[in-house]
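> So the sequence shown is numbered by UniProt numbering: it starts at 1 and just counts up by one. Built from N, CA and C at the ideal position, the CB exists for glycine as well.
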Amino acid sequence: MNINELARLGPFELRDVLIKVAEASSRTSGSINVAILNAGRGNPNFFATAPRYSFFQLGLFAMNESELSPMDPEKRVGGFQKHEDIEQRFELFCSQNSDVNGVRFLHDAVLFVRDNLNLNVSQFLYEMCEAILGCNYPV
Numbered sequence: 001m002n003i004n005e006l007a008r009l010g011p012f013e014l015r016d017v018l019i020k021v022a023e024a025s026s027r028t029s030g031s032i033n034v035a036i037l038n039a040g041r042g043n044p045n046f047f048a049t050a051p052r053y054s055f056f057q058l059g060l061f062a063m064n065e066s067e068l069s070p071m072d073p074e075k076r077v078g079g080f081q082k083h084e085d086i087e088q089r090f091e092l093f094c095s096q097n098s099d100v101n102g103v104r105f106l107h108d109a110v111l112f113v114r115d116n117l118n119l120n121v122s123q124f125l126y127e128m129c130e131a132i133l134g135c136n137y138p139v
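1) Quick test of your reading: I132 and G78, contact by CB under 8 Å. State the CB separation rounded to the nearest angstrom.
2) The alpha helix (DSSP H) with L119 in it runs from where to where?
3) Per DSSP, what are the beta-bridge partners of V103 in this structure?
4) Suppose contacts are defined by Cβ-Cβ distances below 8 Å. Is G102 in contact with F46 by that definition?
5) Run through DSSP, which three-state label would V34 get?
6) Just the Cα atoms here: how many angstroms apart are N118 and E87?
7) Following the continuous alpha helix (DSSP H) through K82, name the residue where it begins and the one where it ends.
8) Going by DSSP, which residues form a beta bridge with D72?
9) In terms of residues, what are the limits of the alpha helix (DSSP H) holding G59?
10) With N4 as the anchor, note down where its alpha helix (DSSP H) starts and where it stops.
11) Would you report the Cα separation of A7 and L18, rounded to the nearest angstrom?
12) Tell me whether the beta-carbon of L68 lies closer than 8 Å to the beta-carbon of K82.
13) Nearest-angstrom Cα distance between S95 and Y126?
Written out as structure tokens, the structure is:
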């Protein structure tokens with residue numbers, strides 16, 4: 001197809017042509033195993049792992065925080081995290097888990113919030129813990 005023919009196609013028709021070209025190209029690439037990334041509408045066939053690992057690490061940090069002031073330790077009912085020294089506890093969590101997937105990304109994200117958005121890290125961490133635990137809405 002030439003460029004003028006492609007220009008007349010609708011978005012879904014163009015998508016189909018591009019998929020066929022990618023599949024043909026991957027078959028003719030020799031012995032190299034080539035994956036086709038489908039980032040089209042709907043559900044892509046890939047996702048970014050770093051932010052997802054980071055999300056789960058934030059959840060673990062928040063769970064640890066909730067157990068610092070448990071409502072009923074025997075029944076494993078946590079309380080609201082303590083605002084005081086949360087930044088120091090976060091730094092400790094990150095240093096103790098520095099080799100765990102997602103921790104560096106999470107730490108870098110918090111540094112970005114501090115350095116580029118000029119937000120108070122303690123307040124930000126506190127609100128993110130509340131949000132990920134689903135115990136209060138962020139304000």
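Reading it off the structure:
1) Not really, about 13 Å apart at Cβ, beyond 8 Å.
2) Run containing L119: none; DSSP gives neither H nor E here.
3) The partner list for V103 (beta bridge, DSSP) is empty, contrary to what the question assumes.
4) no
5) coil
6) 15 Å
7) Careful: K82 lies outside any alpha helix (DSSP H) and carries neither H nor E.
8) Looking at the DSSP output, D72 bridges to V77.
9) Unbroken alpha helix (DSSP H) run through G59: T49 to S66.
10) I3 to A7
11) 13 Å
12) yes
13) 19 Å
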